[in-house]
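Participant: Just so we're aligned, residue 16 is where the sequence shown starts under the numbering used here, counting upward by one.
Okay, handing you the structure first.
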Amino acid sequence: MTQSDAQLEPVVYQGQFGEFTLTGSDRTGVIIYRAGLMVAALSFALGSWLVLGTNTTQLSLLTPLYACFCLALGVSLVTIHIYLEPLHRLLQAFWVIGAVSAAFLALQSSEPLALTVYNYPVTLFGIGFTFVSLTGIYFKEGFCFHRLETKILTPLVPVLLLGHLAGVLPVSVEQKLLGVWAVLFIVFALRKTVQEIPDDIGDKSVFAYLKQQRSAT
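What follows is the structure, encoded as structure tokens:
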């Protein structure tokens with residue numbers, strides 16, 4: 016066997032329920048997942064910068080930036096690997112609810128979507144589900160890989176959104192939390208780019224075992 020042939024041989028991993036190999040499709044899915052996170056993080060960070068800045072002439076960019084963030088997040092939720100399929104489907108359902116709510120609000124309001132949500136916190140009962148799904152990703156990443164930034168983001172996001180909904184957070188505190196969120200989201204997305212791809216695929220033998228269990232019931 017030549018060296019090039021050896022490089023083409025699939026690597027066999029020992030999982031909890033047997034051996035498995037990683038395919039090109041598996042790796043492509045991880046790359047798409049991480050690319051979605053990066054686009055979402057950049058869109059969110061730019062939108063946050065516009066909100067926190069003093070230049071109000073560019074606030075019209077908030078709605079397309081949010082659309083980009085939301086679509087990229089949706090792509091990541093399709094390609095993320097989560098062992099519990101009901102949880103995976105639940106996060107996707109939350110995203111759908113939030114995306115539909117955002118589209119409705121954007122069409123009904125003449126001002127940027129972010130300002131509509133800020134001025135009318137009750138809208139978080141709809142659009143907020145998008146951020147529930149994002150928090151689910153943070154939680155999964157923090158639980159699986161013990162990333163400090165996601166362990167901070169997991170409670171920070173609901174604290175900020177629920178605090179705004181209840182009207183208990185001063186504007187200055189909300190601004191600081193939003194800034195921290197944007198920075199840590201970028202840190203999270205950047206760190207994902209250098210993580211080993213098999214980490215995000217996980218133990219495929221577990222997926223196969225759970226699928227077999229569902230088929231048997």
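Heads up, the beta-carbon is just placed ideally off N, CA and C, and yes, glycines get one too.
Taking 8 angstroms as the threshold, find out whether the segment 132 to 148 comes into contact with the segment 100 to 112 through three or more Cβ pairs.
Facilitator: At 8 angstroms Cβ cutoff, the stretches touch.
Participant: So for Asp20, helix, strand or coil by DSSP?
Facilitator: At Asp20 the pLDDT is 39, less than 50, meaning the model places this residue with poor confidence; the figure from the coordinates comes in the next sentence. DSSP places Asp20 in helix when its eight states are reduced to three.
Participant: Mind checking Gly113: buried by the 16 CB within 10 Å criterion, or exposed?
Facilitator: Classification of Gly113: buried, given that the 10 Å Cβ count is 16 or more.
Participant: With a 10 Å radius around its C-beta and 16 neighbouring C-beta atoms as the bar for buried, classify His161 as buried or exposed.
Facilitator: Its Cβ having fewer than 16 others within 10 Å, His161 is exposed.
Participant: Any chance you could list the alpha helix (DSSP H) runs of at least 4 consecutive residues sitting entirely within the segment 81 to 167, in chain order?
Facilitator: Complete alpha helix (DSSP H) runs here, min 4: 100 to 123, 128 to 134, 139 to 160.
Participant: Answer with buried or exposed for Val137, where buried requires no fewer than 16 other C-beta atoms within 10 angstroms of its C-beta.
Facilitator: Per the 10 Å Cβ criterion, exposed.
Participant: Within its chain, find whatever has a CB closer than 6 angstroms to the CB of Ser91; leave out the 5 residues flanking it on each side and keep chain order.
Facilitator: Excluding positions up to five away in sequence, the list reads Tyr48, Gly51, Leu52.
Participant: For Thr131, count neighbouring C-beta atoms within 10 Å of its own C-beta (all shown protein chains included) and say buried if the count is 16 or more, exposed if not.
Facilitator: Counting Cβ neighbours within 10 Å, Thr131 comes out buried, since at least 16 surround it.
Participant: Considering only C-alpha positions, which residue in the set Tyr98, Trp196, Leu99, Thr38 is nearest to Pro173?
Facilitator: The option with the nearest alpha carbon to Pro173 is Trp196.
Participant: Could you tell me the boundaries of the alpha helix (DSSP H) in which Val186 lies?
Facilitator: Val186 -> alpha helix (DSSP H) spans 186 to 208.
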